[in-house]
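Asker: According to the numbering used here, the sequence shown is numbered sequentially starting from -10.
Here it is, the structure, as C-alpha coordinates.
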Amino acid sequence: MGLTQAKLFFERTPLVDAAKIISQHYGVKVKVDKDIEGESVDGILSNDNLDVLLKALEEAKGVKIRKTDNEIIISRPQL
(Lines of atoms letter the chains of each structure in order from A and count residues from 1; the text may use other names and numbers.)
(Lines give C-alpha, C1' and ligand atoms only; values in the text may rest on other atoms or scores of the structure.)
Protein backbone atom coordinates (compact mmCIF):
# COMPACT_ATOMS: atom_id res chain seq x y z
CA MET A 1 0.00 0.00 0.00
CA GLY A 2 1.21 3.50 -0.59
CA LEU A 3 0.88 6.85 -2.29
CA THR A 4 2.86 7.75 -5.40
CA GLN A 5 2.25 10.82 -7.56
CA ALA A 6 -1.48 10.80 -8.38
CA LYS A 7 -2.18 7.17 -7.51
CA LEU A 8 -2.88 5.03 -4.47
CA PHE A 9 -1.39 1.52 -4.62
CA PHE A 10 -3.04 -1.28 -2.64
CA GLU A 11 -1.81 -4.87 -2.43
CA ARG A 12 -3.83 -7.12 -0.11
CA THR A 13 -4.50 -4.03 1.98
CA PRO A 14 -7.27 -4.51 4.55
CA LEU A 15 -10.21 -2.26 3.72
CA VAL A 16 -9.94 -0.60 7.13
CA ASP A 17 -6.32 0.38 6.36
CA ALA A 18 -7.27 1.65 2.90
CA ALA A 19 -9.94 3.79 4.60
CA LYS A 20 -7.27 5.27 6.91
CA ILE A 21 -5.08 6.17 3.92
CA ILE A 22 -8.02 7.81 2.14
CA SER A 23 -8.92 9.65 5.34
CA GLN A 24 -5.39 10.99 5.79
CA HIS A 25 -5.00 12.00 2.15
CA TYR A 26 -8.33 13.82 1.82
CA GLY A 27 -8.88 14.98 5.40
CA VAL A 28 -12.26 13.24 5.68
CA LYS A 29 -13.54 10.70 8.18
CA VAL A 30 -13.97 7.25 6.58
CA LYS A 31 -15.85 4.53 8.46
CA VAL A 32 -15.89 0.86 7.40
CA ASP A 33 -18.62 -1.47 8.69
CA LYS A 34 -17.16 -4.11 11.00
CA ASP A 35 -18.35 -7.05 8.88
CA ILE A 36 -16.15 -6.02 5.92
CA GLU A 37 -13.21 -4.17 7.49
CA GLY A 38 -10.91 -7.21 7.09
CA GLU A 39 -11.60 -7.62 3.37
CA SER A 40 -8.61 -6.71 1.24
CA VAL A 41 -8.16 -4.19 -1.54
CA ASP A 42 -5.86 -4.79 -4.51
CA GLY A 43 -5.22 -2.31 -7.26
CA ILE A 44 -4.04 1.11 -8.29
CA LEU A 45 -6.55 3.91 -7.86
CA SER A 46 -6.27 7.49 -9.06
CA ASN A 47 -6.25 9.87 -6.10
CA ASP A 48 -6.71 13.20 -7.86
CA ASN A 49 -10.47 13.22 -7.20
CA LEU A 50 -12.15 11.74 -4.12
CA ASP A 51 -15.44 11.01 -5.88
CA VAL A 52 -13.68 9.16 -8.73
CA LEU A 53 -11.61 7.15 -6.24
CA LEU A 54 -14.70 6.20 -4.21
CA LYS A 55 -16.63 5.16 -7.33
CA ALA A 56 -13.71 2.97 -8.47
CA LEU A 57 -13.48 1.38 -5.02
CA GLU A 58 -17.24 0.81 -4.96
CA GLU A 59 -17.17 -0.93 -8.35
CA ALA A 60 -13.99 -2.94 -7.72
CA LYS A 61 -15.00 -4.25 -4.28
CA GLY A 62 -18.78 -4.43 -4.74
CA VAL A 63 -19.31 -2.28 -1.66
CA LYS A 64 -21.73 0.56 -1.01
CA ILE A 65 -20.22 3.96 -0.28
CA ARG A 66 -22.40 6.62 1.28
CA LYS A 67 -21.33 10.20 1.95
CA THR A 68 -22.84 12.27 4.74
CA ASP A 69 -21.99 15.82 5.76
CA ASN A 70 -19.06 14.76 7.91
CA GLU A 71 -18.05 11.22 6.94
CA ILE A 72 -17.88 8.51 4.30
CA ILE A 73 -19.35 5.11 5.18
CA ILE A 74 -18.28 1.93 3.40
CA SER A 75 -20.61 -1.04 3.83
CA ARG A 76 -21.95 -4.15 2.17
CA PRO A 77 -24.76 -3.38 -0.28
CA GLN A 78 -28.25 -4.25 0.91
CA LEU A 79 -29.89 -7.07 -1.04
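Idealized CB from N, CA, C, for every residue including glycine.
Where do the ends of the beta strand (DSSP E) carrying Ile62 lie?
Answerer: First-last of the beta strand (DSSP E) with Ile62: 60 to 64.
Asker: Just verifying my parser: in three-state terms, what is the DSSP assignment at Val41?
Answerer: Helix, per DSSP.
Asker: How is the beta strand (DSSP E) around Asp6 delimited, first residue to last?
Answerer: Counting along the chain, Asp6 falls outside any beta strand (DSSP E), though it belongs to the alpha helix (DSSP H) covering 4 to 15.
Asker: Where does Asp22 fall in DSSP's three states?
Answerer: Asp22: coil per DSSP, three-state reduction.
Asker: Taking a contact to mean a Cβ-Cβ separation below 8 Å, would you say Arg65 touches Ile25 in this structure?
Answerer: The answer is yes: Cβ separation under 8 Å.
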